[in-house]
Amino acid sequence: VEPPDMDSSGEDINGMVEKDDAPKGPSGQKETSTADMLRIKQQMSNQCFEMEVYLNAGKNRRSCSTSEAERDYSDHISELERVKTLQFNQTLALHRMQMWHAMGEKIKTNDPEADALKVVNQRCMALCCRIKQIQQETRLLQDEITELQKKRLEMKRLTHEKMKEMEDLMSRKEHPDTEKYKAALEKGQTNLEKYKKMSIMAQNVLRGLLLACKINWLDDPKLRDVAMTLEEFPITD
Amino acid sequence: MAETLCLSDSDRSSSSDQSVPSRSNNRSLRIAEKERKKNEAEDSFVLALRYFSEGSSPCVRVLKCLIPASVVPQQAVVRAVVWLNVSKIPISTQVLFIKWVLTVFDLIDAKDQLRAIYGFIFSFITEENLCPYICHLLYLLTRKENVHLYRVRKLLELQSKLGRQPFLMHLLSLYKVFCPELVTLSIPSRIRSGFKNYISPWKSALVAVQKSNGQQVSSSISAAFTIKEKSISRKRKHCHLDLPALSSVLNKEPQSEQTSRRKMVPLVHLSSFAQMLKDMHRIELPAQMGSLLGSSLALQYLDCVQEESALLRLNFWLGCALHEEFLFCRQTSEEALQFLNNLLSAQHFLQEGFSSSDAFLYKFLNVWDGSLLRPQILGLLSNIPVIPSTQIGRLLFEPLTQLFFTSSMFFKCGLMECLNNMLLKWLTWHSVYALEDDLDISLNSHTSINITLSGFKDSVMELVHFVGRLASLGLQLEGCNTLLLSFILDFYETVCDTFLKFGLPLVVMPPPGVFYPALLATDPVSVDRLAYIMHRYKLNLTSAKSQEKQTEPQQAFHISRHTFRQFNHYLVFMVNCLWNCRMFHANTDMHVREELLHKSNVPQYWTRFDFIHHPAFTGYAVDFHQKCWPGKKDVDVNSIKQSKPWSWYLEYLFNQGFDGLKDFVHSSISRQVTAGDKLQDSQQR
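In order, the protein sequences belong to chains A and B.
For the first sequence, the UniProt record's numbering puts the final residue at 237, and the numbers step up evenly by one.
For the second sequence, the UniProt record's numbering puts the final residue at 685, and the numbers step up evenly by one.
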């Protein structure tokens, strides 16, 4: 019987060769296996400890919280965009400078191409003049529109204010003879509430009956008339 | 006739399959329908629905083929509801029936009888399978009189059994609007998911069959004061996107004696504004709130009265219609365009949006391709109210960024315009509902979100910075396209005047990615507009500064040093560039190394962007030179730099319509002419 932790090559799982001269008697086997097991246990705990240390070291190396990374990310993006814009603008300036210098030189030469350029230039100037006129008009119109919209919105706001005021007034308005009839009014209202509750309950009960007994109330005209009123209360609040 | 129906059904194998009815089935029914048209409407529906009481499997197929020729008489629906209780109908058929009622709800001729049997319908709510659909149906029928404590208790009981289901929450929220004292439950203010959209495929199939049958539904929209085009032909196909006709709850025409005794005047009977004012407190809203969108009179009334239940129902209907058409359907129709145009007109008239259309837009932006119905969607987008700065990134900026960078130049321009309009509307709103720092004001009548002045300023700043970033990157992507630049400068024309025109104590400068491309633009119009914008910024800043000194420290608004520094930086650069011939200097954003500048072989590179050599103005310089010295063959534009020609040249430029340049030069540059024609400048800070 091989000890369970031995593989076929005679090494135990920790790569240690079993002692060949270990006594193999029943009592001896017991003693060595206990010692072996203790030894193996010690080795395993050492290895586990090493692995833990290694893991922790690795964790610290790569530690980084997501929120920090996100903040850095957006900062890096804006920095990148800033530099890109800077470079773009400078390149733009350089290119335009060169281009228009060349055009200026061309116009000075007074050859047919230069004349063509001048014609185009004239056309551009006329168009720009027209564009400016229209833009001026647009600006004035837009200002007018904005003013109108402000006025309309102001009207709307005032309307709502007035409606609120009216509601307040109407809710507060009291009948001139309130004092005289106050007691009677209160009594009347409590009675009304009581009967209202009773009638709603009765309606509910009747409806429940009709439903529970599966009565076809639609075909009986009298029953139908009653059933169609079960949702109403003739006196509204 | 019922027999023929029965025969044709039993001829085919009537296994209980729930599949969509076959075309042959449709055909046989169509023949039956023509006959049906001759008989009274109620009889025919009743006959069809009689299958209900028998509960046989043909009933299911009949129900699925049941397409209203014109209207659904409500007596038929009432009868069916009674049968639901009386007969032993399988649950699946009951569910199917309720779904059918919901699908054809808008076609039911009147709703008063349905409202009368509200309690009977409510009783079905305990049946778990029916519950969601019953809740939906009740939502469409509920009025204040139907809300009772025992019903609220029933709903809460159901909630504890089934959980906080959205359909229960919806119905409870409507109850809460009518009777807040009875419903003490707190309901989240924005229930995004409405009733589940289970009727949409059925509805589209119904519409398709109706269209193919060439059926017409005559619409009776009140003629006066409609904002829809009058040219709509009478042959209108009914579609769930058509604004429903404005109708009253009762079907009967009121007799003359009754009108005076009748308490409420249905909205459809009003024909003039004066009449509306007279009967203001007695007006009864129609059952279908969506119909209000077509009439400006109705919108006016709704806006004045601010009835919460009406708004809730209108938003519900609008949300459903938008979701159905754009988020579920594959193809959009011509009606979609019309519908959105009507919605836009309504929003334009009210000067505010609807919460359901806002919620829809946030969802839609994530799936939009940027070109479908672009003007309408962008129009709706510009009507969104101020979004709190904590949510604006997620809701608006993220989807828009994706769309912007993957779209055509025309979309970029369109989006710029849309965001400009949005800013204008926010600023207009602010100037009317002048916010104060410690005061919480609700955004509009429809939402419960409050905002303070600082919150508002944050949102505006977020928007302006966002647009600045989009603009910078957009210009780089599109090679400083002039059209795009024009829309961007439109935006900054709004931004530069936030203080003087709208009273908002905020000044935000344009980013370098916008300022420099505009200054280096090849067309004079852009440079002129930039000059105008800088001039306005200066006026705003000086006005703000003087106000800061005059009013008490608490009220004064403080502009950060950074803003002043940025403005001065730009101003100095612009003057140096255009006037002082000091381009490409060190310590500016435009610093280029000497070697590189020499390599370009351009002489006197520091003058290359002044008023004479600037790409935008060089044509004018040449033209002026020819006009000033017509004899000279050699064009040497540098000769304009002498003192007298220089002033003439400037006059000449300004007379071309470049008022922006004129204002800028006059306010920012004061000339001191010394011997030797050296031009100096002095800028005001």
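Here a beta-carbon is modelled for each residue, glycine too, at the ideal position from N, C-alpha and C.
On a predicted model such as this, the values are computed, not experimentally measured, just so you know.
Give the DSSP-derived three-state secondary structure of residue i in the structure shown.
| i | result |
| --- | --- |
| B/Val72 | strand |
| A/Asn110 | coil |
| B/Ile121 | helix |
| B/Met590 | coil |
| B/Cys239 | The pLDDT assigned to B/Cys239 is 39, lower than 50, so where the model puts this residue is not dependable, and the model offers no usable value. |
| B/Ser272 | coil |
| B/Phe339 | helix |
| B/Leu611 | Sequence inspection shows Phe at residue 611 of chain B; the Leu mentioned does not correspond to that position. Coil, per DSSP. |
| A/Met228 | coil |
| A/Arg152 | helix |
| B/Ile377 | helix |
| A/Arg39 | helix |
| B/Arg394 | helix |
| A/Ile145 | helix |
| B/Asn251 | Since pLDDT at B/Asn251 reaches only 44, below the 50 mark, its modelled position is unreliable, and no value is offered. |
Would the C-beta of residue i count as close to the ligand FAD, meaning under 7 Å from any of its heavy atoms?
| i | result |
| --- | --- |
| B/Lys641 | The model on display carries no ligand, and the ligand FAD is accordingly not part of it. |
Just the C-alpha distance for residue i and residue j, rounded to the nearest angstrom, thanks.
| i | j | result |
| --- | --- | --- |
| A/Met170 | A/His160 | 15 Å |
| B/Val592 | B/Lys599 | 11 Å |
| B/Val665 | A/Lys150 | 32 Å |
| B/Ile221 | B/Asp109 | With a pLDDT of only 24 at B/Ile221, under 50, the local geometry of the prediction cannot be trusted, and the value read off the model is given with reservation. Near 15 Å, if we compare the C-alpha coordinates of B/Asp109 and B/Ile221. |
| B/Val635 | B/Phe584 | 26 Å |
| B/Leu311 | B/Leu302 | 8 Å |
| B/Ser295 | B/Ser123 | 37 Å |
| B/Leu530 | B/Leu484 | 14 Å |
| B/Leu396 | B/Tyr362 | 7 Å |
| B/His136 | A/Ser67 | 43 Å |
| A/Arg157 | A/Glu167 | 15 Å |
| A/Asp115 | A/Ile107 | 7 Å |
| B/His614 | A/Cys124 | 15 Å |
| A/Lys164 | B/Glu308 | 14 Å |
| A/Tyr54 | A/Gln42 | 19 Å |
| A/Phe233 | B/Leu158 | 26 Å |
| A/Leu218 | B/Arg79 | 7 Å |
| B/His348 | B/Pro510 | 30 Å |
| B/Pro399 | B/Leu380 | 15 Å |
| A/Leu80 | B/Lys501 | 35 Å |
Mind listing the chain B neighbours of residue i? Cutoff is C-beta to C-beta under 9 Å, in chain order.
| i | result |
| --- | --- |
| A/Met125 | Pro524, Gly619, Tyr620, Asp623, Gln656 |
| A/Phe49 | What A/Phe49 touches in chain B: nothing, since even the nearest Cβ is about 47 Å away. |
| A/His160 | Asp303, Cys304, Gln306, Ser445 |
Sort the options by Cα distance to residue i and report the nearest one.
| i | options | result |
| --- | --- | --- |
| B/Tyr620 | B/Ser643, B/Tyr649, B/Ser639, B/Pro630 | B/Tyr649 |
| B/Gln402 | B/Pro385, B/Leu380, B/Asp369, B/Leu327 | B/Asp369 |
| B/Arg582 | B/Ser668, B/Gln604, B/Thr563 | B/Gln604 |
| B/Phe658 | A/Val119, A/Ala69, A/Arg130 | A/Arg130 |
| B/Leu539 | B/Gly474, B/Cys496, B/Leu578, B/Phe617 | B/Cys496 |
| B/Leu475 | A/Thr229, A/Thr85, A/Pro221, A/Val53 | A/Thr85 |
| B/Thr563 | B/Leu541, B/Trp579, B/Tyr118, B/Ser546 | B/Leu541 |
| B/Gln351 | B/Pro512, B/Leu168, B/Thr428 | B/Thr428 |
| B/Met416 | B/Phe491, B/Val305, B/Tyr433 | B/Phe491 |
| B/Phe466 | B/Ala521, B/Arg394, B/Ala359, B/Met534 | B/Arg394 |
| B/Asn146 | B/Phe120, B/Gln159, B/Glu128 | B/Phe120 |
| B/Leu596 | A/Met37, A/Arg39, A/Ala93 | A/Ala93 |
| B/Ser486 | B/Asp523, B/Asn450, B/Leu66, B/Leu473 | B/Asp523 |
| A/Val120 | B/Arg561, B/Thr618, B/Tyr532 | B/Thr618 |
| B/Ser472 | B/Ser87, B/Phe515, B/Asn315 | B/Phe515 |
| B/Asn655 | A/Met51, A/Cys128, A/Glu154 | A/Cys128 |
| B/Asn601 | A/Gln98, A/Asp72, A/Asp36 | A/Gln98 |
| B/Phe167 | B/Val71, B/Leu138, B/Ala336, B/Lys662 | B/Leu138 |
| B/Thr588 | B/Arg153, B/Val305, B/Pro512 | B/Pro512 |
Quickly, what does DSSP pair residue i with across the bridge? List them, please.
| i | result |
| --- | --- |
| B/Ile108 | B/Val72 |
Under 7 Å between beta-carbons, which chain B residues line up against residue i? List them in chain order, please.
| i | result |
| --- | --- |
| A/Cys129 | Gln656, Gly657 |
Applying a beta-carbon distance threshold of less than 8 Å, which residues of chain B neighbour residue i?
| i | result |
| --- | --- |
| A/Glu231 | Arg115, Ala116, Ile117, Tyr118, Gly119, Glu145, Asn146 |
So which residues of chain A does residue i contact, with C-beta pairs closer than 9 Å?
| i | result |
| --- | --- |
| B/Thr428 | Thr146, Gln149, Lys150, Leu153 |
Can you pull the chain A residues whose beta carbon is under 8 Å from the beta carbon of residue i, in chain order?
| i | result |
| --- | --- |
| B/Pro615 | Arg96, Met99, Trp100 |
| B/Tyr537 | In chain order: nothing, as chain A lies at least about 16 Å away. |
Under 7 Å Cβ-Cβ, which residues of chain A neighbour residue i?
| i | result |
| --- | --- |
| B/Asn85 | Leu211, Lys214 |
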